[in-house]
Amino acid sequence: MKLHLSLALFLFLSISITAQTDGWHLYTKASEITKILPDDVNTDELHLATDIGYIKYNTTSNTVTDS
Numbered sequence: 004m005k006l007h008l009s010l011a012l013f014l015f016l017s018i019s020i021t022a023q024t025d026g027w028h029l030y031t032k033a034s035e036i037t038k039i040l041p042d043d044v045n046t047d048e049l050h051l052a053t054d055i056g057y058i059k060y061n062t063t064s065n066t067v068t069d070s
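Be aware that the sequence shown starts at 4, since it is given in the working numbering, and climbs by one per residue.
Rendered as structure tokens:
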């Protein structure tokens with residue numbers, strides 16, 4: 004019985020370690036930009052409406068943040 008439990012535990016852990024769920028699904032990219040609007044307060048920022056949500060783009064530092 005101890006052998007069967009050890010074998011089952013080893014099999015479960017080896018499958019879960021080699022599973023390819025390393026977070027690749029979290030890094031989705033926008034495939035379509037539907038609207039680009041300038042920011043009312045900061046002239047260096049653009050608001051991009053995409054198919055996955057809104058993105059704020061800073062034109063000075065070339066950085067993108069989710070908003």
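For each residue, glycine too, the CB sits at the ideal point set by N, CA and C. Values in this document were obtained by computation on a predicted structure and should not be read as measured data.
Looking at the unbroken beta strand (DSSP E) that takes in residue i, where does it start and where does it end?
i, result
"residue 65", "First-last for residue 65: undefined, no H or E at that position."
"residue 48", "48-53"
"residue 38", "36-41"
Which residue's Cα is closest to the Cα of residue i: the options?
i, options, result
"residue 65", "57, 54, 47, 55", "47"
"residue 38", "9, 17, 44, 52", "52"
"residue 35", "14, 41, 11, 58", "58"
Hey, residue i and residue j are a contact pair by Cβ (cut 8 Å); roughly how many whole angstroms apart?
i, j, result
"residue 55", "residue 33", "5 Å"
"residue 62", "residue 49", "6 Å"
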